[in-house]
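Written out below as structure tokens is the structure these notes cover.
Number of protein chains: 2
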Amino acid sequence: MLNQVTPLDLMFQALADPSRRIMVERLSRGPASVSELAKPLTMSLPAVVQHLQVLEASGLVRSEKVGRVRTCHIDWAALQTAEDWILDRRKNWERRLDRLGDFLAEQEKG
Amino acid sequence: MLNQVTPLDLMFQALADPSRRIMVERLSRGPASVSELAKPLTMSLPAVVQHLQVLEASGLVRSEKVGRVRTCHIDWAALQTAEDWILDRRKNWERRLDRLGDFLAEQEKG
DNA sequence: CACTTGGTTAAGCATATGCTTAAGTATCGT
DNA sequence: ACGATACTTAAGCATATGCTTAACCAAGTG
């Protein structure tokens, strides 16, 4: 419970729920309406809308309403942000392994 | 609140907290003890241990206790699993773009 | 215009989460 | 043996999360 809520918090939080991941999975195959997103889920429509709000708040999904149907789609740049965080950690690790390699090579030489 | 909790749920949930991400970030630079992990965080030790339990339950972190110090480290294969989920979604998307491209090329030809 | 479709709003509730403090329990150094 | 170190356990509490139902509204359809 911190005072600051970062975009990354919201994204990982959004992805932490299986229903929301099903929604993202569906949207990764193209835009969809709210009721299309609801179809595979065994919960009330308002519940789906609440999940959608979490996804939108995280920036992972955006939507526009035309007439009475709201069409949702993934924001790929946002999803990239989550992926990048993980990638950056691995880079850290690889840098460390490199330094270790350098050190060992130095030992060898000396 | 579903009846099934998958590893992916636990991983994204684990990464959704800034304190836990700080812990993972620290561990991405090499193994650390519990109190080392606690150092940058402004909370009690028990709170840190609870975060650590979340990270361990998710599989992202593992630890062994030797003497009185518990040493923690990242399970890189587990972190890969989270990354892969995101990657798979993008693959979905690219497949879709490919099909769209094929379709448009077909239109052109016909 | 009535009816259906697609979504929205609001209120309420059970459980989960993120802390806290207080009180342990081992190990290590002297 | 004694104190300090490095956790560990337990209890409690405030807030957040994930649903529900009921009621509502606005846009298409016959």
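Note that the protein sequences, when read in sequence, are chains A and B. In terms of the UniProt record's numbering, the first sequence is residues 1 to 110. In terms of the UniProt record's numbering, the second sequence is residues 1 to 110. All C-beta atoms in this analysis are idealised placements derived from N, C-alpha and C, irrespective of residue type, glycine included.
Length of the line joining the Cα atoms of residue i and residue j
| i | j | result |
| --- | --- | --- |
| P31 of chain A | L55 of chain A | 14 angstroms |
| N92 of chain A | L8 of chain A | 18 angstroms |
| S58 of chain B | R99 of chain B | 36 angstroms |
| H73 of chain B | A47 of chain B | 18 angstroms |
| L52 of chain B | E108 of chain B | 57 angstroms |
| E83 of chain B | L104 of chain B | 32 angstroms |
| R96 of chain A | T6 of chain B | 31 angstroms |
| S63 of chain A | D102 of chain B | 27 angstroms |
| E106 of chain B | V66 of chain A | 30 angstroms |
| R26 of chain B | T81 of chain B | 20 angstroms |
| R89 of chain B | A78 of chain A | 13 angstroms |
| I86 of chain B | R20 of chain B | 20 angstroms |
| S28 of chain B | Q4 of chain A | 23 angstroms |
| K39 of chain A | M43 of chain B | 43 angstroms |
| E94 of chain A | P18 of chain A | 31 angstroms |
| D75 of chain A | W76 of chain B | 27 angstroms |
Rounded Cβ spacing between residue i and residue j (contact assumed at less than 8 angstroms)
| i | j | result |
| --- | --- | --- |
| Q13 of chain A | A16 of chain B | 4 angstroms |
| M23 of chain B | L37 of chain B | 5 angstroms |
| M11 of chain A | L60 of chain A | 6 angstroms |
| R68 of chain B | V34 of chain B | The Cβ separation is near 10 angstroms, so there is no contact. |
Exercise. When you check each C-beta in the stretch 10 to 24 of chain A against every C-beta of chain B, which residues fall closer than 9 angstroms?
Worked result: L10, M11, F12, Q13, A14, L15, A16, D17, P18, S19, R21, V24
For this session: Could you pull out every unbroken alpha helix (DSSP H) segment of at least 4 residues lying fully inside the UniProt domain "HTH arsR-type" (1 to 94) of chain B, listed in chain order?
Result: 7 to 15, 18 to 27, 34 to 38, 45 to 58
Exercise. Using a Cβ cut-off of 7 angstroms, which residues of the stretch 24 to 53 of chain A contact any Cβ in chain B, in chain order?
Worked result: V24, E25, S28, R29, G30
Exercise. Listed from N- to C-terminal order along the chain, which residues in the stretch 71 to 82 of chain A have their beta-carbon within a distance smaller than 8 angstroms of any beta-carbon of chain B?
Worked result: I74, W76, L79, A82
Problem set entry | Proximal residues, the stretch 81 to 106 of chain B versus chain A, C-beta separation under 8 angstroms | A82, E83, W85, I86, L87, R89, R90, N92, W93, R96
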